[in-house]
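In my numbering, the protein residues as written are 36 to 192.
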């Protein structure tokens, strides 16, 4: 809940104009990923999976816009506050995950570099560092949930 509120605050506070080409490519990629997820998880044909994903394009586009904007804001916070993760930390994370999965840690690190996904790990760690930094500075106030409204009493006419 704290992270969602923090993310909402950051997005409300920082209006970003995202490059159209970047945004368009990211949306297309997410729609394509969603189509393949539907085909895999629900056994849909390629045609049906892509058609269903296209029907969700607007929702996917909105989530993608927010995700990219948040990534830019978190990157900026990390840069300004010396919170960027380094390659060694990303490699350590990959080793830890490899060991948990029973894989060879060094072979997995080599694959992360050769396949290019070490950058994704680096970005995730940097964003987590920024979130942790923000959490420490957040002013969290717990409130009681709002009780449901009482139903109107029928009038006795």
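Ideal Cβ placement from N, Cα and C applies to all residues, glycine included.
Beta-carbon spacing of residue i, residue j below 8 angstroms
i           : j           : result
residue 46  : residue 113 : no
residue 147 : residue 129 : yes
residue 126 : residue 144 : yes
residue 84  : residue 71  : yes
Selected residue, minimal CA-CA separation from residue i, among the options
i           : options              : result
residue 94  : 84, 65, 161 and 141  : 65
residue 100 : 157, 56, 123 and 38  : 56
residue 152 : 54, 75 and 122       : 122
residue 110 : 48, 88, 96 and 163   : 163
residue 156 : 133, 138, 137 and 48 : 133
Three-way DSSP call (helix, strand, coil) for residue i in this model
i           : result
residue 80  : coil
residue 140 : helix
residue 58  : helix
residue 117 : coil
Cα-Cα separation between residue i and residue j, rounded to whole angstroms
i           : j           : result
residue 160 : residue 117 : 13 angstroms
residue 172 : residue 165 : 11 angstroms
residue 225 : residue 73  : Nothing about residue 225 can be reported from this structure: the residues present for the chain run from 36 to 192 only.
residue 82  : residue 183 : 44 angstroms
residue 38  : residue 68  : 25 angstroms
residue 50  : residue 170 : 21 angstroms
residue 107 : residue 154 : 15 angstroms
residue 43  : residue 98  : 12 angstroms
residue 63  : residue 150 : 21 angstroms
residue 167 : residue 79  : 40 angstroms
residue 88  : residue 61  : 14 angstroms
residue 96  : residue 124 : 32 angstroms
residue 140 : residue 76  : 29 angstroms
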